[in-house]
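S.K.: Chains A and B, in that order, are what the protein sequence lines are.
Heads up: the first sequence begins at 11 in my numbering, then just goes up one per residue.
Heads up: the second sequence begins at 11 in my numbering, then just goes up one per residue.
There are 2 protein chains.
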Amino acid sequence: MTFKAAKYLPILDWGRSYKGETFVNDGIAAVIVTIMLIPQSLAYALLAGLPPQVGLYASILPLIAYAIFGTSRAMAVGPVAVISLMTAVAAGKIAAQGTSEYLATALLLALISGIMLLAMGLFRLGFVASFLSHPVISGFITASGVLIAVSQLKHILGITASGHNLVDIVQALGAGLPQTNIPTVIIGAISTIFLFWVRGQLKPLLMKIGVSERLAAIATKIGPVIAVVVAILAVAMLGLADKGVKIVGDIPKGFPSLSVPEFDLDLWRSLLASSLIIAVIGFVESISVAQTLAAKRRQRIDPDQELIGLGAANIAGAFSGGYPVTGGFARSAVNFDAGAETPAAGAMTAIGIALATLFLTPLLYFLPIATLAATIIVAVLSLVNIADIREAWRYSKPDFAAMMATIILTLTVGVEAGVLSGVALSIALFLYRSSRPHFAIVGQVRDTEHFRNIARHDVVTNPRVLTIRVDESLYFANARYMEDAVYDLIYNKPEIEHVILMCSAINDIDLSALESLEAINERLNTTNIKFHLSEVKGPVMDRLERSRLLHDLSGAVHLSQLDAIVATSGTSHGTELDFHL
Amino acid sequence: MTFKAAKYLPILDWGRSYKGETFVNDGIAAVIVTIMLIPQSLAYALLAGLPPQVGLYASILPLIAYAIFGTSRAMAVGPVAVISLMTAVAAGKIAAQGTSEYLATALLLALISGIMLLAMGLFRLGFVASFLSHPVISGFITASGVLIAVSQLKHILGITASGHNLVDIVQALGAGLPQTNIPTVIIGAISTIFLFWVRGQLKPLLMKIGVSERLAAIATKIGPVIAVVVAILAVAMLGLADKGVKIVGDIPKGFPSLSVPEFDLDLWRSLLASSLIIAVIGFVESISVAQTLAAKRRQRIDPDQELIGLGAANIAGAFSGGYPVTGGFARSAVNFDAGAETPAAGAMTAIGIALATLFLTPLLYFLPIATLAATIIVAVLSLVNIADIREAWRYSKPDFAAMMATIILTLTVGVEAGVLSGVALSIALFLYRSSRPHFAIVGQVRDTEHFRNIARHDVVTNPRVLTIRVDESLYFANARYMEDAVYDLIYNKPEIEHVILMCSAINDIDLSALESLEAINERLNTTNIKFHLSEVKGPVMDRLERSRLLHDLSGAVHLSQLDAIVATSGTSHGTELDFHL
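#1: So HIS144(A) contacts chain B; which residues on that side make the cut at Cβ distance below 9 Å?
#2: What whole-angstrom Cβ distance do ILE311(B) and ALA300(B) have, given they're in contact under 8 Å?
#3: Within 8 Å of any Cβ in chain A, is that where the Cβ of LEU441(B) sits?
#4: Going along the chain, which residues of the region 405 to 419 of chain B sit with their C-beta nearer than 7 Å to a C-beta in chain A?
#5: Please work out which residues of its chain come closer than 6 Å, Cβ to Cβ, to MET11(B), disregarding the five sequence neighbours upstream and downstream, and give them in chain order.
#6: Do ILE451(B) and LEU430(B) count as a contact pair if the criterion is CB distance below 8 Å?
#7: 8 Å is my cut-off, CB to CB: does ILE179(B) come that close to chain A?
#8: Take MET358(B) and list the residues in its own chain whose beta-carbon comes closer than 7 Å to its own, dropping the five residues that flank it on each side.
#9: If you measure beta-carbon to beta-carbon, which residues of the region 426 to 454 of chain A are closer than 9 Å to chain B?
#10: Taking the alpha-carbon positions, what's the ARG556(A) to ARG404(B) distance?
#11: What are the start and end residues of the beta strand (DSSP E) that includes GLY453(B)?
#12: Which bits of chain B does THR536(A) rub up against, with CB to CB less than 7 Å?
#13: Taking the beta carbon of THR367(A) as the centre, do at least 16 other beta carbons fall within 10 Å, making it buried, or is it exposed?
#14: Who are the near neighbours of ALA139(A) in its chain, counting only those whose CB is closer than 7 Å to its CB and skipping five residues on each side?
#15: For SER483(B), count neighbouring C-beta atoms within 10 Å of its own C-beta (all shown protein chains included) and say buried if the count is 16 or more, exposed if not.
#16: Are three or more beta carbon pairs between the region 87 to 97 of chain A and the region 46 to 66 of chain A nearer than 8 Å?
#17: In chain order, what residues of the same chain lie with their CB nearer than 6 Å to the CB of PRO378(A), ignoring the 5 residues before and after it?
#18: State the beta-bridge partners of LYS540(B) as determined by DSSP.
#19: If you measure between the beta carbons of ALA427(B) and LEU435(B), is that distance less than 8 Å?
#20: Alpha carbons only, please: which of LEU22(B), SER94(B), LEU439(B) and TRP24(B) is nearest the one belonging to LEU56(B)?
#21: Do you know how far the Cα of ALA53(A) is from the Cα of THR230(A)?
#22: Are the C-beta atoms of THR302(A) and some chain B residue less than 8 Å apart?
#23: Where ASN463(A) and PRO473(A) are concerned, what is the direct C-alpha to C-alpha distance, given to the nearest angstrom?
#24: I'd like to know whether the C-beta atoms of LYS213(B) and ALA199(B) end up nearer to each other than 8 Å.
#25: For GLY168(B), which of helix, strand or coil comes out of DSSP?
#26: Beta-carbon of PHE137(A) versus every beta-carbon of chain B: anything under 8 Å?
#27: Does the region 559 to 576 of chain B come within contact of the region 533 to 546 of chain B, defined as at least 3 CB pairs closer than 8 Å?
#28: Between GLY259(A), GLY356(A), GLN571(A) and ASN531(A), which has its C-alpha nearest PRO61(A)'s C-alpha?
#29: Any Cβ of chain A within less than 8 Å of the Cβ of PRO234(B)?
#30: Please classify SER27(A): is it buried, with 16 or more other beta-carbons within 10 angstroms of its beta-carbon, or exposed?
#31: Work out the CA separation of ARG533(A) and GLY321(B) for me, nearest whole Å.
#32: With DSSP as the reference, please indicate the residues paired to ARG479(A) in a beta bridge.
#33: Determine the chain B residues that contact ASP468(A) at a beta-carbon separation under 8 Å, and present them in chain order.
#34: Whether or not the region 122 to 136 of chain B and the region 340 to 357 of chain B are in contact is what I'm after, with contact meaning three or more pairs of Cβ atoms, one per stretch, closer than 8 Å; do they touch?
#35: Alpha carbon to alpha carbon, how far is ARG479(B) from LEU132(A)? Give it in angstroms, no decimals.
#36: Among PHE79(A), ASP274(A), ALA114(A) and GLY80(A), which has the Cα closest to the Cα of PRO334(A)?
Rendered as structure tokens:
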């Protein structure tokens, strides 16, 4: 029982040896992350189309839940950009921003994706995330970054504009342009320039004046806090709110009331697909952060337990007025750099955010939306990764195709269409490639026991014996291709008496491929060609022994290709031949 | 130009050397196939829910079209059982049997699936059919056989009953049972018993009295004609039509009028999925018949040209009052056994059916439906293949699962759901298996240069060096699994200084897997473990050279595993170790 509990509750593991020193380190990290997380939470709530306090709520109980169930020692969960965008898209299909239905839908997305993550963890279905290939994730993140940045321009301009793809957003921005509010543009522009400067120049500057690299990196991440404080003071003192600058305004003070998500079956059903995408994207983002940080300290991440941790975090968010969360890269790196040693740092961050929710919100009254938008823009533009696109082009054209399809569809149709078509195309391209495996006719390298491709090497062959090597496991999608290839190779070659299939690269033969081998054997037999197998691997042979192929085989199974040549040619060296494909 | 025409018109190839002797042989085969095809065409039209003459029409122009465009020398195309059932299901979703809309829908199914086949042939997309794995096809054919046989019981009982899955059909039969017509049951039962006897007993009997095996086989296939003739005489002479025995009745005499399928965009769209399934199933059935017959004479089948041939046949059918057709196994075998040498036999069969349509239809007036149903039942029960189910169970559990899913869903939900879920499950199971490849930690076999799995062989390893062999190409679906596996293997083993990935079984590394290798390299590096590759295949190495992995690699790429061990251990033999997974 204890063993089982420890398996699902990593807190029992690290909690047992928790020391005062660790507490201090975790506490320092928590303070820094809290300061960083306050403006982020507000900004991402804005991106998700939710009231600012929802971002704070999503940074309290979910962090506690992850601290109990998660395996990463330094992960900081909470609202992140891409998931916030996906929440806006999914909830926007159900209700209009600002309505209570919209709020309820965001809660429900957290609940359903939380349940899905939890179920994937308990049933060990985390491999589902593997089908999001790297080019699809990379293309999706890049396109989302562009989409988010462009969508935030409306707040910088002080206009209203909406849309879930680039075309709609740009059109809406164009239409709204005449309503541009100049004071807002000034605040937005200064905030953006300042934040870009902090991101690019602050760290080297601090290091030049003697600040350690770690501290400089942390200071850089706290830049948004400075922007927020200055912007609040500027708006309050210059009375800009009266000049059309939109501000955060009243944030309900105090703890979120415990919320109970709606149980409307139709609503649940219509959110299933979106929730799954949010769950999987969130998991992929989170696990890669967790693995990176864990590797630095030779710690271990259990992906199935991570699913449980993230699931618990989202479910906790759903019952405390939050919306979907996951592990964020920037804040986890800050947490790690600031010295967090255990998930207790996350729990302490939650307490920090809770205190901020209780006491700090009145101070945020004059915070201009434009500054929050600037923090989003600067954060998400770092997600845009052109180098990855170039690398995909150089390394692999199918991967490039999947990436471009994802980018183009994400930008022109929307985030869900982008991800889904990227995944579908990756799988289709993989299946297509494996359905036409590489075939080689092989011959013997003179005076050796090696057999190589006749097209690439100077080898000896016997005109009466044709040896074919397939460089792939045989399964339904390539079985018929192999059949056709064998028939093509013997067509119009009446001299052939033996066909040998060299199986050295075959790790598996499924039932369809077995049927194809039986068909080849039978059809070759009707034309008096004997069919042989050579170099069959142990596990494949075990399986073939359960079939009737070995019994029906007109030729034989040979341990080595050399044995096969000796048996069919009567000599260990074939006679030379000008026989090519 | 001539070359191109010959490529798409195989008739130019065999037509050039056509001789009188070939004509005689083709003619004899055509007469036999015509006799066999008349009752079959009527029966399968009945199964498709169409008037009997539609079956005859589908056996005229389609045969001519196939003779011009097809590559199989002995293939006989026309209506077949499974495609007729699928036509009934697809058309039944649009209109009720007996209406002109139903007839128009059947025409349209032939046209759309014909266009799809043609397009697949021209764009060389025949590989799509590969995704119908053998267990799915086998399960589908078996379940269809059961479904068809049960659905024909209503004609044997002389009642009305409908439904497209076993549950519906059995319920309808039960409800109709009180209306059973006794004379119909007698005719149906006698026909069925007679046809089973012909199928099982006639051939050995004829051979015993000295008939050659080939002739006996042909005679067996003509059994249904005898049943039809006797049944017509019985009904006519005993006046059974007045006693409630349903008969074929008036068949419009003469050629079909040229039909023009409807161009209703919504109707087309709603038939796309069904047409694709009909096209692919028809192609799979046809190509396997063609390959089997071609192999017997060392002839060659071009699958892409076969698609064009079948596409042309279906389009021809659509414009001459027919419905979807494909190459049938039984009739093609008869054609082959009867001596058909070229597709001219098919064209002559078409002339035979045309003559029958002109002059023979009045003779079919008294043909009882029950006898046609009996020919269907006896034909389709031979499709049921229990041995295949047993073989799948014995050979491979995933294949068995795909087969059973197909069978169960075909019977309980319907033919389309059955095929689609079978295909989806096959692909999912394949992806799942390839997403968790086999890993082995390898060590050196004492006093050799061979490296084997430490779990299976008595090998030597060095505690500072971990060598991992992956037995699968690396791609997105298994990249993360590999990453996790490597991290797990080094976790809590501070003695490890080198990790070697032995790549002898890796045929490809896609971009996702490359990223994973880079992540492994980077993360191992942060803990001072060097990462090496060994035995990388040539094409994989070519590709890796276009990436930054080789530049960033903390270790090195070694030509052989032995080189890798020498480089990392400083000796060609590792020290022994009690280190196991």
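Ideal Cβ positions, reconstructed from N, Cα and C, are used throughout, including at glycine.
M.R.: Quick look at the numbers:
#1: Near HIS144(A) (Cβ distances below 9 Å), the residues of chain B are PHE486, ALA489, ASP520, LEU521, SER522, ALA523, LEU524, GLU525 and SER526.
#2: Indeed they touch by this definition, with Cβ atoms about 5 Å apart.
#3: Output row for LEU441(B): interface = yes.
#4: Within the region 405 to 419 of chain B, TYR405, SER406 and ASP409 place their CB atoms closer than 7 Å to a CB of chain A, listed in sequence order.
#5: Here the model assigns MET11(B) a pLDDT of 40, short of 50, so the residue's position is not dependable, and the following value carries that caveat. Within the same chain, MET11(B) has no close Cβ partners at all.
#6: No, these two residues do not count as a Cβ contact at 8 Å.
#7: Interface criterion not met: the Cβ of ILE179(B) is under 8 Å from no Cβ in chain A.
#8: Cβ within range, chain order: ASP36, GLY37 and ALA40.
#9: The residues in question are SER436, ILE437, PHE440, LEU441, TYR442, ARG443, SER444, SER445, ARG446, PRO447 and HIS448.
#10: Cα to Cα, the separation comes out at about 7 Å.
#11: For GLY453(B), the uninterrupted beta strand (DSSP E) run begins and ends at 449 to 455, by DSSP.
#12: Listed along chain B are ALA305 and LYS306, each with a C-beta nearer than 7 Å to that of THR536(A).
#13: Counting Cβ neighbours within 10 Å, THR367(A) comes out buried, since at least 16 surround it.
#14: Annotation for ALA139(A): VAL290, PHE293 and VAL294 place their beta carbon closer than 7 Å to its own, counting only its chain and skipping 5 residues before and after.
#15: Flag for SER483(B) reads buried.
#16: Contact check between the region 87 to 97 of chain A and the region 46 to 66 of chain A: three or more CB pairs, one atom from each, fall below 8 Å, which counts as touching.
#17: In the same chain as PRO378(A), and ignoring 5 residues on each side of it, the C-beta atoms closer than 6 Å to its own belong to ILE197, ALA241, VAL245, VAL255 and ILE257, in chain order.
#18: Note: LYS540(B) sits in a beta bridge opposite HIS508(B).
#19: Cβ atoms of ALA427(B) and LEU435(B): not closer than 8 Å.
#20: When only C-alpha atoms are compared, the closest one is SER94(B).
#21: Our two residues, THR230(A) and ALA53(A), have alpha carbons roughly 18 Å apart in a direct line.
#22: Put simply, the CB of THR302(A) is near chain B, with a gap under 8 Å to one of its CB atoms.
#23: Near 15 Å, if we compare the C-alpha coordinates of PRO473(A) and ASN463(A).
#24: Cβ distance not < 8 Å, so LYS213(B) and ALA199(B) don't count as in contact.
#25: Coil, per DSSP.
#26: At least one chain B Cβ lies under 8 Å of PHE137(A).
#27: Touching, yes.
#28: Among GLY259(A), GLY356(A), GLN571(A) and ASN531(A), the Cα nearest to that of PRO61(A) is on GLY259(A).
#29: So no, PRO234(B) is outside the interface.
#30: Per the 10 Å Cβ criterion, exposed.
#31: Distance between the alpha carbons of GLY321(B) and ARG533(A): 26 Å.
#32: Answer by DSSP bridge pairing, in chain order: ALA450(A) and MET512(A).
#33: Ordered by position in chain B, no residue passes the 8 Å Cβ test against ASP468(A), which lies about 16 Å from the chain.
#34: For the pair of segments examined, the region 340 to 357 of chain B was found not to touch the region 122 to 136 of chain B: the number of CB pairs separated by less than 8 Å stays below three.
#35: Those two C-alpha atoms are separated by around 29 Å.
#36: Ranking PHE79(A), ASP274(A), ALA114(A) and GLY80(A) by Cα distance to PRO334(A) puts ALA114(A) first.
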